[in-house]
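See below for the structure under consideration.
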Amino acid sequence: MTTISSTSTSTFYTSSAEQLSSLQAQVDQVDNAISTGSQFTSASQDPEAAAQMRMLQLQDTEASTDTASANAATANLQLADSTMTSMINDINQARQLTTQAASGTLTDTQRAAIGTQISQIQSDLMSLANTRDANGNALFGGGVSGDAYTLDAGGNATYVGAATAPSLPIGGGQSVQTSLTGPEVLNMTDASGNQTNLITTLGSLATALQTGGSAAQSAASTALTSLSNGLDTVTTAQTVIGSRESWITLNTRNQTAASTARATEESSIGGTDVSTAAIKMQELTTALQASQSCFVRLSSLSLFNDIGN
Amino acid sequence: MSSNLLSIAASGAAAAEIALDVTGQNIANAATQGYVKRGVNDVEVASASSWSTANDVSLSGVTVSGITRNADTFLQTEARNTASNTAQANSTVSGLTDVETAVEDSGVFSAIGTFQNSLTTLAQNPTDSSARTSVLQDGATMTGAFRIAAQSLSSTQAGLQGEVSNGVSQINTLSSQLATINIQLSATAGGASANSNVTSSDRASLTDQRDSLLDQISQLGNVATTINTDGSVNVNLGGVSGPPLVTGGATNTLANTVNADGTESLSVGNAAVNLSGGTLAGNQAALTTLGQVSGNLDSLASSIATTVNAQQANGADLNGNAGAALFSGTTAATLTMATTNPDAIATAASGSAAGSSDTTNLTALTSAIGTLDPAGTMNTILTGISGAVQSATTTQTTLQTLSSAAAASLSSEAGVNLNTEAVNLVQFQQAFEASGKVMQTCSDIFTAIYNLTNT
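Protein chains in written order, with the working numbering: chain A, 92 to 400; chain B, 157 to 611.
Here's what the structure looks like:
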């Protein structure tokens, strides 16, 4: 790119070649930017932008994992939610039966029949408490493989799961527990103020009703209070699950907004502004054409063409 | 008198003919690399008077005293030095770009991200064997990426070291050629003075060769030159204070040594050579950067292995055993997976039973890696290299502008302009024809006088 007024012939050719190839290189670069949609072909063209792009792309990959985690957590929470709805239905049915059993007009045979039904409800509740999550682990067992509760011969249920429910990171530095443990759902205080759980309560009620006699009726009356307490616990737990679900929804919405912001940033840092690039291309090709025709004209100018004849 | 005029015309015709020859030579060499435009140095010949009084008319024509080789030493040195700096910048950029490509294309950065992600994914289902296997596979991909980076860097290093060895042997060949030219220049010196542009044709082409050899040597390494009175040149490598490479007809041998860290040192005899220009200097700079990058990669690889292995030891694996090391190796080249058993990932807290889906240790591991931030470190390494390439490219552009400017001003003074030569051709042709006309006149006068005496 040197301008020397009086120059040697070889300099004229050398600098013409330099000028034309420099313009050609610029045209190629703009062409590449337009066709690939990305402003840079190598990190050294703008190290800072390249570093930002790398981190943004890494965050994109992380975000897709977080989304998968959030979906898995939501699936588990929804499963827990619907399982608890079934539990509540069971408890309501048990309360209805217990109310009948508490009435003095029933015979022992009728109470024993109700006791059998309660016993069935108990085993239904037991199987609901041992529901498996998507991974085949105990949903209310803190994620242990196998059952959350075991039942002994006397109808007493014992919790054998982990102490806390598993938690999953769902992005933005947040994590959420994907379920509740059995005790958080089923532990309750009975009518006499003792700590027990719903399954055991139903077990003893069933046994008492099947045994018959006056104790059966009073057991039913007491159990009404206990069942009412149990219903409260399960309903509260279901509220907790519901609030976690909406927390995940909120967090996912934030993550989506962040991801949109990242996409905008990526395109503004690394993307090609097509209209600017197209105008630049036009400018460069005009200059290139002009330089080429200048070169052809100047190189045909030689004194040797005019002397001698 | 008339015989005197004839000899004057003859000398004019001869001088014009030589000038035409030189013009032809210039035209023929218009595109020859390193050719300096020649001119003819004519001087008037004066002799003892042939007329009445001493020294009143003493005309004896013209003679060619020598060939003018019009090269400005300052412009030549300027062009040579800037070209040397450009050569350095070019080889620095090309070496650093190789380093950048080696590290970027190995995919270490994205492999680290994928490994971290697969650990996060494992938290969704810590006992799932396919999730565990994918952690191990992503770990293997990451160690593979580190190995690829290390291998590419080491082959780039070998390539650069090869270029240095080549350059050194080229310098030695060129300097022995220069010594031969020096001997010939000294032998043909006669009464020539160093700064005189007037010389013989032979010496002019020897000088062209001398300058061309100096240009070639300075492309490889910067030199300081001293032109002696006989036209021979002394060369110091690496600048004025550098050790002598060529002194008259004697040469010293340049040698290269590979250091323990892979960089190259140069020496002439016992004296170290510090180059500040030429491709060798660029290669040396690229090797130094390569050594740093390679060291950074090694320590990153080692820190990942240490962090993961230490956290593994704090937990229990899927079989309820204490976690064993997941990685082995302490450098990028040696980093490998220590196990292929997916059960070996210690996700549960220490002392947990077999098959535990506890994620205490996995969470601790994820957070330890998060604190280490290997992706961030890798990003810094990559940004460092591409920053170095960028600044070297900027320097290269500046130096190229300078050196093409210097080359153009040298060429406009010393190079052949075909239009000027066309004018010269016409001018000398006319001079030759005019001398012929003088001879004709001389002959006519002689005939007139001869006829007078005959009648």
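Glycine included, C-beta positions come from ideal geometry on N, C-alpha and C.
Mark residue i as exposed unless 16 or more other C-beta atoms lie within 10 angstroms of its C-beta, in which case mark it buried.
i: G222 (chain B); result: buried
i: N221 (chain A); result: buried
i: F230 (chain B); result: exposed
i: F395 (chain A); result: exposed
i: S390 (chain A); result: exposed
i: T100 (chain A); result: buried
i: A437 (chain B); result: buried
i: T554 (chain B); result: exposed
i: T363 (chain B); result: buried
i: S274 (chain B); result: buried
i: I182 (chain A); result: buried
According to DSSP, is residue i part of a helix, a strand, or is it coil?
i: F483 (chain B); result: strand
i: N403 (chain B); result: At residue 403 (chain B) the sequence reads Thr, which differs from the Asn that was named. Of the three classes helix, strand and coil, the one that applies to T403 (chain B) here is strand, per DSSP.
i: S567 (chain B); result: helix
i: A505 (chain B); result: strand
i: I223 (chain B); result: strand
i: Q280 (chain B); result: coil
i: V196 (chain B); result: strand
i: L259 (chain A); result: strand
i: N228 (chain A); result: strand
i: G294 (chain A); result: helix
i: V235 (chain A); result: coil
i: N392 (chain B); result: strand
i: A489 (chain B); result: coil
i: G383 (chain B); result: Looking at the sequence itself, residue 383 (chain B) is Ile, so the reference to Gly does not match. The answer is strand: DSSP assigns I383 (chain B) an E or B state.
i: L375 (chain A); result: helix
i: A186 (chain B); result: coil
i: I95 (chain A); result: Its pLDDT being 41, under 50, I95 (chain A) is placed unreliably by the model, and nothing is read from it.
i: Y191 (chain B); result: coil
i: L410 (chain B); result: strand
i: S421 (chain B); result: strand
At the level of alpha carbons, what is the spacing between residue i and residue j?
i: T248 (chain B); j: Q120 (chain A); result: 22 angstroms
i: A171 (chain B); j: Q583 (chain B); result: 12 angstroms
i: I541 (chain B); j: T312 (chain B); result: 14 angstroms
i: Q329 (chain A); j: A349 (chain A); result: 30 angstroms
i: Q333 (chain B); j: L341 (chain B); result: 12 angstroms
i: A368 (chain A); j: G362 (chain A); result: 11 angstroms
i: G476 (chain B); j: G543 (chain B); result: 48 angstroms
i: A142 (chain A); j: S266 (chain B); result: 13 angstroms
i: Q265 (chain A); j: E109 (chain A); result: 58 angstroms
i: A442 (chain B); j: N392 (chain B); result: 24 angstroms
i: I261 (chain A); j: T347 (chain A); result: 12 angstroms
i: Q375 (chain B); j: V424 (chain B); result: 18 angstroms
i: T382 (chain B); j: V396 (chain B); result: 9 angstroms
i: G227 (chain A); j: A306 (chain A); result: 42 angstroms
i: G206 (chain A); j: D473 (chain B); result: 47 angstroms
Measuring CB to CB, does residue i end up less than 8 angstroms from residue j?
i: R335 (chain A); j: L168 (chain A); result: yes
i: V325 (chain A); j: M217 (chain A); result: no
i: G451 (chain B); j: G377 (chain B); result: no
i: L456 (chain B); j: R303 (chain B); result: no
i: T272 (chain A); j: F231 (chain A); result: yes
i: G485 (chain B); j: N517 (chain B); result: no
i: V192 (chain B); j: T219 (chain B); result: no
i: V201 (chain B); j: I174 (chain B); result: no
i: G479 (chain B); j: A461 (chain B); result: no
i: S412 (chain A); j: A256 (chain A); result: No answer is possible for residue 412 (chain A): the residues shown for chain A start at 92 and end at 400.
i: T299 (chain B); j: A287 (chain B); result: no
i: G269 (chain B); j: T152 (chain A); result: yes
i: N246 (chain B); j: R145 (chain A); result: no
i: L566 (chain B); j: A186 (chain B); result: no
i: Q556 (chain B); j: T242 (chain B); result: yes
i: A161 (chain A); j: T343 (chain A); result: yes
i: A166 (chain A); j: A229 (chain A); result: no
Which residues of chain D have a Cβ atom closer than 7 angstroms to the Cβ of residue i, listed in chain order?
i: P257 (chain A); result: Here the protein chains are A and B, and chain D is not one of them.
Should residue i be listed as close to the ligand MN, given that the test is whether its C-beta is under 7 angstroms from any heavy atom?
i: G232 (chain A); result: Judged by which ligands are present, the structure shown has none, so any question about the ligand MN falls away.
Evaluate the contact criterion for the stretch 401–409 of chain B versus the stretch 256–264 of chain B: three or more CB pairs, one atom per stretch, below 8 angstroms. no
Does the contact criterion of 3 or more C-beta pairs under 8 angstroms hold for the stretch 244–256 of chain A versus the stretch 273–293 of chain A? yes
Does the stretch 373–390 of chain A come within contact of the stretch 562–580 of chain B, defined as at least 3 CB pairs closer than 8 angstroms? no
Touch check for the stretch 579–595 of chain B and the stretch 110–117 of chain A: three-plus C-beta pairs under 8 angstroms? no
So does the stretch 128–145 of chain A actually touch the stretch 300–320 of chain A, counting three or more Cβ pairs closer than 8 angstroms? no
Decide if the stretch 312–327 of chain B is in contact with the stretch 507–521 of chain B; the criterion is three or more beta carbon pairs, one per stretch, under 8 angstroms apart. no
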